[in-house]
Amino acid sequence: MVSVMKDGPRILFLGEVHERWGGDEVWTFNLLRELKKYNLNIMPLYTYTRYANSSIKSYTLRALGVVAVVRKIMKAKDFDLIHTSKIFFPLIALFFSRRRPVVATIHDVYGAYFNIKDKGLLTGFLRSLVEIISIKIPTIILVPSMSTKHKIEAFGIPSNKIKFVGVGVNLSLIDSVNAKKSSEPEIIFVGRLVRHKHPEIVVKLSADLR
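Counting the sequence shown from 1 gives a position; the numbering used here is that position plus 4.
See the structure below:
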């Protein structure tokens, strides 16, 4: 549970965690820990998305998670701002914003061609529709890369509504590590240890270097 100040602006913090994607829970924890330093009253509501190989089943499970969050929002107190993470949650914000500002963190958008190629005609079309509607709802969109910013601009979103917040690396922390230097070849892997990031390539390269 996040301990926050109770007399500051009230923020509804919406998102979802995927069991096999990794990193979502760490990102959320670090972000809320930083926000704790400010005079904010934050209500985090997250859905836990169970992984399913079937696209239809996966989307059904996600929809059920969204319904659960909606029920909690209806019981929640009033709020001044909504922050959403991922594509689905701006849709929820649309129904509960009541002209309040909605800030969305969107890491990437895929577009119709990739969605249909990846998920098939029906599911791909539905995902594209959700994607298009979701990026048009927020008052401000936060993106971690300029490439995502350009993709969202291609959907007709004004540039001044998209704010680039880079995913930084704590160089001071890295420099503070006191380790013995080695002349042996080194490989540094920067990424999440999940299947689609292919960390096994690093393992294979390590064997080749030896």
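For every residue, glycine included, the Cβ atom is placed at its ideal position computed from N, Cα and C. Computed from a prediction, not measured in an experiment: that's the story for all the values here.
By the CB criterion at 8 Å, Arg14 and Phe93 fall outside the cutoff. Here Ile144 is actually not in contact with Val169; their C-beta atoms are around 11 Å apart, not less than 8 Å. Between the alpha carbons of Arg37 and Ser138 lies a gap of roughly 27 Å. Residue burial annotation: Ala97 is buried, with at least 16 other C-beta atoms found within 10 angstroms of its C-beta.
Listed in chain order, the non-local C-beta contacts of Asp112 below 7 Å within the same chain comprise Thr152, local neighbours out to five positions each way being set aside.
Between the alpha carbons of Lys140 and Pro162 lies a gap of roughly 10 Å. Excluding residues up to 5 positions away in sequence, Ile86 lie with their Cβ nearer than 7 Å to the Cβ of Ser101 in the same chain.
About 6 Å separates the beta carbon of Phe129 from that of Ile120, a gap short enough to meet the 8 Å contact definition.
DSSP lists Arg14 as the beta-bridge partner residues of Asn45. The continuous beta strand (DSSP E) containing Leu146 extends over residues 144 to 147.
The Cβ neighbour count for Leu177, taken over all protein chains shown within 10 Å, is under 16; the residue is labelled exposed. In its chain, beyond the 5 residues on either side, Ile110, Val113, Ile139, Ile145, Val147, Ile166 have a beta carbon closer than 8 Å to the beta carbon of Ile156. By the neighbour-count definition (other C-beta atoms within 10 Å, threshold 16), Pro105 is an exposed residue.
Rounded to the nearest whole angstrom, the C-alpha separation of Ile191 and Leu125 is 40 Å. Look at Ile139 here: in three-state DSSP terms it is helix.
Within the same chain, Cβ atoms closer than 8 Å to the Cβ of Phe159 are found at Val113, Ile136, Ile139, Lys140, the five residues on either side in sequence being excluded.
Rounded to the nearest whole angstrom, the CA to CA distance from Phe33 to Ile91 is 20 Å.
Around the CB of Ser132, 16 or more other CB atoms lie within 10 Å, so the residue is classed as buried. Under the DSSP definition of a beta bridge, His87 partners with Phe17, Val107. Taking all protein chains shown into account, Pro189 has fewer than 16 neighbouring C-beta atoms within 10 Å of its C-beta and is therefore exposed. Bounds of any alpha helix (DSSP H) do not take in Phe168; it lies within the beta strand (DSSP E) bounded by 166 to 168.
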